[in-house]
DNA sequence: AATGAATGAGGGTTCATTCAT
DNA sequence: CATGAATGAACCCTCATTCAT
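Protein chains in written order, with UniProt numbering: chain A, 1 to 189; chain B, 1 to 189; chain C, 1 to 189; chain D, 1 to 189.
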């Protein structure tokens, strides 16, 4: 029976094992051994794919961002027009990514701040969306920041208190309508 | 010269040393030795004040929450009435606690979720405030959650991009006015 | 029962244990664990006295040189005058340091050449001796080099072939007489 | 293009790669991987030619001795008669083998003493030479030992202090004349 | 003959915790 | 109260060796 697998797959399996460990105990409390046991390989195999434990964590972060942005784009595509589209984006965002948001926090809030601040791709995407729908906002970027963090906080709250889910989603919708003003087409004529 | 100090002070100095280490490198990358060196005591002294390293971190979290809530209350007292009061609360909150928010994230986002979800005292305080000013809200708790996380996110954004400060504060004010509806006193008669 | 010992002693015991391991298997094939077991302490104790394994080896070399030079001086003191003194120095040197020469090779011949070549203290001491006895030599330093290495080689040979001991010592004496010319005092009048 | 080569050549290339690694860092700090990379083959190929890493080192030593003795013989052939011949042998030896002596030390001084002491082929060759030229020595073998180690030491010294080269060669010549007595042919008649 | 992914025992180092002073 | 030498479990990483292709 062949033990070897394509490099990409092995690497991916190691990342999967690591990710599930991070979700269980955080970024700093798993061992390389845990990862290799989880992936069903020997310890040495780990080092065929990652130079060291730190590079694994970096790779985990990179994979997270790639995945997240991809899903955001997907959600945006199915949404409708105007404020409703932002609303949809937010509701879908909360709904879809509840699990990932937990992973997000575990992966990114432990980071020591990078010396050069990096943009938040989700905020940027939302900013784009606000412009696309022609929202009449004094500072669309600032609004995007607020909406993003509100979404994040709501998802976080729901993780802690699942029973509040419906109320929180309603508030999310109200927030969108309250904050995002789109001039009615017939009025602007 | 006597080396002994009152227990409370020693404990506090140890917490101070630990806190500054957390701010520098996160919760997981300091050693008990770092703490005692920072506090200028011998290693063994640590264990006269904390049962183990974990209790130190817990104590750090407790101290943080106590401090934070105290400051929030102080800020609320100086504020005016109605929506303006919430606005003030938010602006003051962002302004005052920028530094602490970093500590907050470092201390709390690495936690493994407690099995019994704990309430967020800041959200509760805001909830109280909303009721005090007689805001006419369908779900004041949900609004408190949104406002709290928006505040948190705005502060976080400012930490990364200080140049956005004024714009973000303006958006924070707009958020309060958009979300919190207080019936004019003369209309409710 | 107290486990603690003065730092110097512990360090010395660790060096002793390491030295005996080097004599058994060479510089590169002992483990830190071997050393601590040999010294009767826990593994961690090693790192209270040496920053890492490499520093131990360096310390071993330093200790060797200190000891060796001290013994050389002692041997020189007991010797007589003129060529006989060099002869004595050589014979005593071979005799006394047979064991150490093995340690010497094990410690120093594995070194990667230091970028700044270091003088050989033994050669220097012999050079001094040649000058003291007023030897009439074209190049006393070169003679010191030759004599030192001959001595070293002879000791090395005896370690391999103990049965050749007497013959080799005789040759050593002959070498001294052949190489070191001291003008007879009455001829220089 | 076929990747296969005759066994002898592959083996030789692996030895070459290993030798250059030894010269750079000593016998104990290269890996099998270093060797195969150096030889431009895959890791597994190593084990087609050597049972294990130790056998490689042994092979390196054997190859060294073979080469060295061959060169010694060559040098002896070009030399003249009598003491001059020994002198020539020594000078040529120092001159030619400066580089190899470094390899020699790296290869042989790290060895754990073999239980059955092995003869030094160079000393034996010199012993033969002394007999050939009819030197009148009490103990030609002992003289060979002394001369060999003096030569070795002189070469070693020159490696460290190249500026001493000429002086050391002069001393080498003086050593030969002082130690090796060859009866004048016409006196023995 | 050649490959290189996979293995896993082993070694260096860290660090939370203990305890005799 | 305070000390700090000592402990030893645990972890990251290396590398000689194997084996299915």
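Here a beta-carbon is modelled for each residue, glycine too, at the ideal position from N, C-alpha and C.
- Item | 8 Å contact criterion, which residue 103/D and residue 22/D should meet: CB distance rounded | In the fourth chain, residue 103/D corresponds to position 103, counting from 1. In the fourth chain, residue 22/D corresponds to position 22, counting from 1. That pair is a contact at about 7 Å.
- Below 8 Å, can you find three or more Cβ-Cβ pairs linking the segment 141-150 of chain C to the segment 150-158 of chain D? yes
- Taking C-alpha atoms, which residue in 181/C, 143/C, 174/C, 161/C lies nearest to residue 168/D? Within the fourth chain, residue 168/D is the residue found at index 168, counting from 1. Comparing Cα-Cα distances from residue 168/D to each of 181/C, 143/C, 174/C, 161/C, the minimum goes to 143/C.
- When 166/D, 181/D, 145/D, 157/D are compared against residue 171/C, the one with the closest alpha-carbon: Numbered from its first residue, the third chain carries residue 171/C at position 171. When each option's Cα is compared against that of residue 171/C, the closest is 145/D.
- Query: Hey, is residue 128/C's beta-carbon within less than 8 Å of any beta-carbon in chain D?
  - Reply: Your numbering for residue 128/C matches position 128 in the third chain. Chain D, which has no Cβ nearer than 8 Å to the Cβ of residue 128/C, makes this no.
- the segment 30-49 of chain D / the segment 5-20 of chain D touching (three or more Cβ pairs under 8 Å): yes
- Query: Assuming residue 65/B and residue 121/B make a contact with CB atoms under 8 Å, what is their CB distance in whole Å?
  - Reply: Working through the second chain from its first residue, we reach residue 65/B at position 65. Working through the second chain from its first residue, we reach residue 121/B at position 121. With 8 Å as the limit, residue 65/B and residue 121/B qualify as a contact, their Cβ atoms being about 6 Å apart.
- Message: Please classify residue 36/C as buried or exposed, where buried requires at least 16 other C-beta atoms within 10 Å of its C-beta.
- Response: Locating residue 36/C in the third chain gives position 36, counting from the first residue. Buried is the call here.
- Task: Kindly say whether residue 28/B, judged by its beta-carbon, lies nearer than 8 Å to any beta-carbon of chain A.
- Result: Residue numbering aside, residue 28/B sits at position 28 when the second chain is read from its first letter. Yes, residue 28/B counts as interfacial toward chain A.
- Answer with buried or exposed for residue 187/D, where buried requires no fewer than 16 other C-beta atoms within 10 angstroms of its C-beta. Residue 187/D sits at position 187 when you count from the first residue of the fourth chain. Model confidence at residue 187/D stands at a pLDDT of 47, short of 50, so the residue's coordinates are unreliable; what they give is reported in the following sentence. That one is exposed.
- Item | Nearest neighbour of residue 165/D, chosen from 124/D, 91/D, 53/D [CA to CA] | The count along the fourth chain starts at 1 and reaches residue 165/D at position 165. Answer by Cα proximity: 91/D.
- Just tell me which of 29/B, 127/B, 84/B, 108/B has its CA closest to the CA of residue 173/B. Residue numbering aside, residue 173/B sits at position 173 when the second chain is read from its first letter. Residue 173/B has its Cα closest to that of 84/B, out of 29/B, 127/B, 84/B, 108/B.
- With a cut-off of 8 Å on the beta carbons, I'd call residue 71/B and residue 107/B a contact; round off their distance for me. Mapped onto the second chain, residue 71/B falls at position 71. Mapped onto the second chain, residue 107/B falls at position 107. The pair is not a contact, with the Cβ atoms about 16 Å apart (cut-off 8 Å).
- Task: Confirm the yes/no value for this check: CB of residue 36/C, any heavy atom of the ligand FMN, distance under 7 Å.
- Result: Among the components modelled here there is no ligand, and therefore nothing to report on the ligand FMN.
- Neighbourhood of residue 11/C by C-beta, 6 Å cutoff - its chain only, sequence neighbours within 5 removed: Mapped onto the third chain, residue 11/C falls at position 11. Same-chain partners within the cutoff: 49.
- What residues in its chain sit with their C-beta under 8 Å from that of residue 189/D, if we drop five residues either side in the sequence? Translated into positions along the fourth chain, residue 189/D becomes position 189. With a pLDDT of 40 at residue 189/D, under the threshold of 50, the modelled position of that residue is not reliable, and no figure is offered here.
- Item | Interface residues of the segment 35-58 of chain C facing chain D [CB-CB below 8 Å] | none
- Message: Please identify the residue among 38/A, 30/A, 69/A whose C-alpha is closest to the C-alpha of residue 54/A.
- Response: Residue mapping note: residue 54/A aligns to position 54 of the first chain, counting from 1. Residue 54/A has its Cα closest to that of 30/A, out of 38/A, 30/A, 69/A.
- Does any C-beta atom of chain D lie closer than 8 Å to the C-beta of residue 161/C? Walking along the third chain from the start, residue 161/C turns up at place 161. It does; some Cβ of chain D falls within 8 Å.
- Any C-beta of chain D sitting closer than 8 Å to the C-beta of residue 150/C? Start at 1 with the first residue of the third chain, and residue 150/C comes out as number 150. For residue 150/C, the answer is yes, since a Cβ of chain D falls inside 8 Å of its Cβ.
- Message: At the level of alpha carbons, what is the spacing between residue 178/A and residue 67/B?
- Response: Reading the first chain from its first residue, position 178 is the one you call residue 178/A. Reading the second chain from its first residue, position 67 is the one you call residue 67/B. Rounded to the nearest angstrom, the two C-alpha atoms are 33 Å apart.
- Does the beta-carbon distance from residue 181/A to residue 130/A come in below 8 Å? Start at 1 with the first residue of the first chain, and residue 181/A comes out as number 181. Start at 1 with the first residue of the first chain, and residue 130/A comes out as number 130. In this structure, residue 130/A does not lie closer than 8 Å to residue 181/A by Cβ.
- When the Cα atoms are used, what is the spatial distance from residue 161/B to residue 101/B? For this step, residue 161/B is matched to residue 161 along the second chain. For this step, residue 101/B is matched to residue 101 along the second chain. The alpha-carbon atoms of residue 161/B and residue 101/B are separated by roughly 15 Å.
- Message: Counting only beta-carbon separations shorter than 8 Å, does residue 153/A have a partner in chain B?
- Response: Working through the first chain from its first residue, we reach residue 153/A at position 153. Output row for residue 153/A: interface = yes.
- Query: residue 14/B and residue 39/B: beta carbons closer than 8 Å?
  - Reply: Taking the first residue of the second chain as position 1, residue 14/B is located at position 14. Taking the first residue of the second chain as position 1, residue 39/B is located at position 39. Their beta carbons are under 8 Å apart, which means residue 14/B touches residue 39/B by this criterion.
- Would you grab the beta carbon distance between residue 125/D and residue 69/D for me? Rounded to a whole angstrom, and I think it's under 8 Å. Residue 125/D sits at position 125 when you count from the first residue of the fourth chain. Residue 69/D sits at position 69 when you count from the first residue of the fourth chain. Residue 125/D to residue 69/D, Cβ: 7 Å. Contact.
- Roughly how many angstroms separate the alpha carbons of residue 93/B and residue 159/B, rounded to a whole number? By one-based count along the second chain, residue 93/B stands at place 93. By one-based count along the second chain, residue 159/B stands at place 159. Cα-Cα distance, rounded: 14 Å.
- Task: Kindly indicate the opening and closing residues of the alpha helix (DSSP H) around residue 36/D.
- Result: Start at 1 with the first residue of the fourth chain, and residue 36/D comes out as number 36. Looking at the DSSP string, the run of the alpha helix (DSSP H) that includes residue 36/D is 32-39.
- Message: Please return the same chain residues whose Cβ sits closer than 6 Å to the Cβ of residue 17/A, not counting the five positions on each side in sequence.
- Response: Counted from its first residue, the first chain places residue 17/A at position 17. Cβ within range, chain order: 35, 38, 39.
- Neighbouring residues, chain C, relative to residue 121/D (Cβ below 8 Å): Along the fourth chain, read from residue 1 onward, the residue named residue 121/D stands at position 121. None at all; the shortest Cβ gap to chain C is about 13 Å.
- Residue range of the alpha helix (DSSP H) that residue 136/B falls in? Taking the second chain and counting its residues from 1, the one referred to as residue 136/B is at position 136. No alpha helix (DSSP H) contains residue 136/B, which DSSP labels as neither H nor E.
- Message: Going by C-alpha to C-alpha distance, which of 45/C, 56/C, 118/C sits closest to residue 27/C?
- Response: Numbered from its first residue, the third chain carries residue 27/C at position 27. Of the candidates 45/C, 56/C, 118/C, the one whose C-alpha sits nearest the C-alpha of residue 27/C is 56/C.
- Message: Considering only the alpha carbon of each residue, which of 3/C, 116/C, 176/C, 133/C lies closest to residue 45/C?
- Response: Looking up residue 45/C in the third chain gives position 45. Comparing Cα positions, the closest option is 3/C.
- Task: For residue 20/A, I'd like the list of residues in its chain whose CB is within less than 8 Å of its CB, leaving aside the five on either flank, ordered along the chain.
- Result: To locate residue 20/A, count along the first chain from 1; it is residue 20. So the qualifying residues of the chain are 38.
- Query: Name the chain B residues whose beta carbon is nearer than 9 Å to that of residue 6/A?
  - Reply: By 1-based counting over the first chain, the position of residue 6/A is 6. The contacting residues do not exist; residue 6/A stays about 34 Å from chain B at best.
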